[in-house]
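Chemist: Have a look at the structure that comes next, please.
Protein chains in written order, with my numbering: chain A, 1 to 96; chain B, 1 to 203.
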């Protein structure tokens with residue numbers, strides 16, 4: 001599925017090995033879609049000499065720092081953006 | 001200057017340098033790379049430096065139309081100043097405002113807008129910066145000499161995939177009469193990553 005700005009999403013807690021571009025600290029965390037960055041060949045396949053096709057949607061996803069770290073030492077307004085590929089996202093509350 | 005001489009000048013005699021030299025020699029011997037290609041690669045990286053970022057920022061400070069272009073299409077803005085942002089990655093410039101301060105990191109490796117700014121500093125690639133910038137950005141900035149006020153929101157950009165970020169810092173107060181070239185001198189590499197901000201006088 002594809003997402004629109006404002007959609008609430010969760011990063012899949014997958015343990016997929018290899019050249020994944022989803023950092024561990026975001027796995028299982030809730031955030032929101034800020035925007036669609038574009039479509040790109042899948043870097044998880046490119047890294048092993050494969051074509052990376054079909055291209056995947058890449059989203060700019062926002063996270064509240066307070067949702068990432070239990071002991072975050074800063075104001076509640078601080079947040080973080082990361083680029084997350086669509087196949088690493090699911091709607092919050094689980095896939096419908 | 002020969003390729004090897006260029007490497008000697010870099011001064012590295014570490015095991016990593018020896019390994020790189022061995023890999024390079026093998027690539028040359030097997031005909032996968034040629035000496036001119038290696039030299040072109042070195043020249044490409046050496047032609048890029050934080051001075052490019054400083055030029056973009058200084059122009060944006062004096063020219064609102066250019067600033068709008070820089071924020072909406074970083075590559076087009078770089079091309080307009082004669083820079084060649086060729087690279088598959090997206091180049092995105094994020095703006096600091098009185099209420100928002102941006103910080104850039106790549107937790108997974110060392111993604112950096114090399115096509116514009118050249119090689120990243122060593123600390124940017126360190127495990128310490130990569131792990132701490134996302135977890136305690138304010139403490140990291142404090143160590144670089146910058147204390148963002150509590151009412152300024154910190155936005156960390158983790159370049160996890162295909163976007164390379166550069167920060168557009170705020171023009172320092174008291175520089176209203178300073179010209180574009182002199183303004184560019186105020187823009188430090190650290191301020192383009194967001195660990196610090198430019199001051200009204202350099203140094």
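Glycine included, each C-beta is placed from N, C-alpha and C at the ideal position.
So if I threshold CB-CB distances at 8 Å, which residues from the stretch 149 to 177 of chain B count as touching chain A?
Modeler: Answer in chain order: 150, 151, 153, 154, 155, 156, 157, 158, 159, 160, 161, 162, 163.
Chemist: Which residues in the same chain have their Cβ closer than 7 Å to the Cβ of residue 33 (chain A), if we skip the five residues on either side of it in sequence?
Modeler: Position 33 of the first chain, counted from the first residue, corresponds to residue 33 (chain A). Cβ within range, chain order: 3, 4, 5, 6, 7, 9, 59, 61.
Chemist: In or out: residue 155 (chain B) buried (at least 16 other Cβ within 10 Å) or exposed?
Modeler: For the purposes of this step, residue 155 (chain B) is taken as the residue at position 155 of the second chain. Answer is buried; the Cβ neighbour count reaches 16.
Chemist: If contacts are defined as beta-carbon pairs under 8 Å, then residue 167 (chain B) and residue 96 (chain B) qualify, I think. What distance do you get, rounded to the angstrom?
Modeler: What you label residue 167 (chain B) is simply residue 167 of the second chain in a count that begins at 1. What you label residue 96 (chain B) is simply residue 96 of the second chain in a count that begins at 1. About 6 Å separates the two Cβ atoms, so the contact holds.
Chemist: Can you confirm whether the stretch 51 to 59 of chain B touches the stretch 73 to 81 of chain B when touching is taken to mean that 3 or more C-beta pairs between the two stretches lie within less than 8 Å?
Modeler: Segments in contact, yes.
Chemist: Beta-carbon separation of residue 205 (chain B) and residue 186 (chain B) under 9 Å?
Modeler: This structure cannot speak to residue 205 (chain B), because chain B is shown only from 1 to 203.
Chemist: Have a look at the DSSP bridge pairing and note the partners of residue 60 (chain A).
Modeler: For the purposes of this step, residue 60 (chain A) is taken as residue 60 along the first chain, with counting starting at 1. Its beta-bridge partners are A:35, A:83.
Chemist: In the DSSP output, which residue or residues are listed as bridge partners for residue 97 (chain B)?
Modeler: Looking up residue 97 (chain B) in the second chain gives position 97. Answer is B:100, bridged to residue 97 (chain B).
Chemist: Quick one, which residues of the stretch 76 to 106 of chain B are near chain A if we go by CB-CB under 8 Å, in chain order?
Modeler: If the cut-off is 8 Å between Cβ atoms, the stretch 76 to 106 of chain B has 90 near chain A.
Chemist: Closer than 9 Å, CB to CB, is residue 83 (chain A) near chain B or not?
Modeler: On the first chain, residue 83 (chain A) is found 83 positions in, with the first residue counted as 1. At least one chain B Cβ lies under 9 Å of residue 83 (chain A).
Chemist: Please report how far the alpha carbon of residue 21 (chain A) lies from the alpha carbon of residue 99 (chain B), in whole angstroms.
Modeler: Numbered from 1 along the first chain, position 21 holds the residue referred to as residue 21 (chain A). Numbered from 1 along the second chain, position 99 holds the residue referred to as residue 99 (chain B). If you take the alpha carbons of residue 21 (chain A) and residue 99 (chain B), they lie about 30 Å apart.
Chemist: Which residue's Cα is closest to the Cα of residue 108 (chain B): A:12, A:25, A:13?
Modeler: Mapped onto the second chain, residue 108 (chain B) falls at position 108. Taking only the C-alpha atoms, the option nearest residue 108 (chain B) is A:25.
Chemist: Within its chain, find whatever has a CB closer than 8 Å to the CB of residue 123 (chain B); leave out the 5 residues flanking it on each side and keep chain order.
Modeler: The residue labelled residue 123 (chain B) in the question sits at position 123 within the second chain. Cβ within range, chain order: 129.
Chemist: Can the beta-carbon of residue 141 (chain B) be found closer than 9 Å to that of residue 149 (chain B)?
Modeler: For the purposes of this step, residue 141 (chain B) is taken as residue 141 along the second chain, with counting starting at 1. For the purposes of this step, residue 149 (chain B) is taken as residue 149 along the second chain, with counting starting at 1. Contact flag unset, no.
Chemist: Quick check: what's the CA-CA separation for residue 137 (chain B) versus residue 103 (chain B)?
Modeler: As a first step, residue 137 (chain B) must be located in the second chain, where it is residue number 137. As a first step, residue 103 (chain B) must be located in the second chain, where it is residue number 103. Going by the C-alpha atoms only, they are around 8 Å apart.
Chemist: Starting from residue 70 (chain B), follow the alpha helix (DSSP H) in both directions and report where the run begins and ends.
Modeler: Within the second chain, numbered from 1, the residue matching residue 70 (chain B) stands at position 70. That run of the alpha helix (DSSP H) goes 64 to 72.
Chemist: Between the Cα of residue 131 (chain B) and those of A:11, A:93, A:23, A:15, spot the shortest distance and give me the residue it belongs to.
Modeler: Sequence index remark: in the second chain, residue 131 (chain B) carries index 131 (1-based). Out of A:11, A:93, A:23, A:15, A:23 has the C-alpha closest to the C-alpha of residue 131 (chain B).
Chemist: Going by CA-CA distance only, name the one from B:126, B:194, B:117 that's closest to residue 145 (chain B).
Modeler: One-based indexing of the second chain puts residue 145 (chain B) at position 145. Ranking the options by Cα distance to residue 145 (chain B), first place goes to B:194.
Chemist: Quick one: residues in its chain with C-beta nearer than 6 Å to the C-beta of residue 191 (chain B), no 5 flanking neighbours on either side, listed in chain order?
Modeler: Position 191 of the second chain holds residue 191 (chain B). Counting only Cβ-Cβ distances below 6 Å, and skipping sequence neighbours, we find 169, 197, 198.
Chemist: Using beta carbons (cut-off 9 Å, strictly below), is residue 91 (chain A) in contact with chain B?
Modeler: For the purposes of this step, residue 91 (chain A) is taken as residue 91 along the first chain, with counting starting at 1. No, its Cβ sits nowhere closer than 9 Å to a Cβ of chain B.
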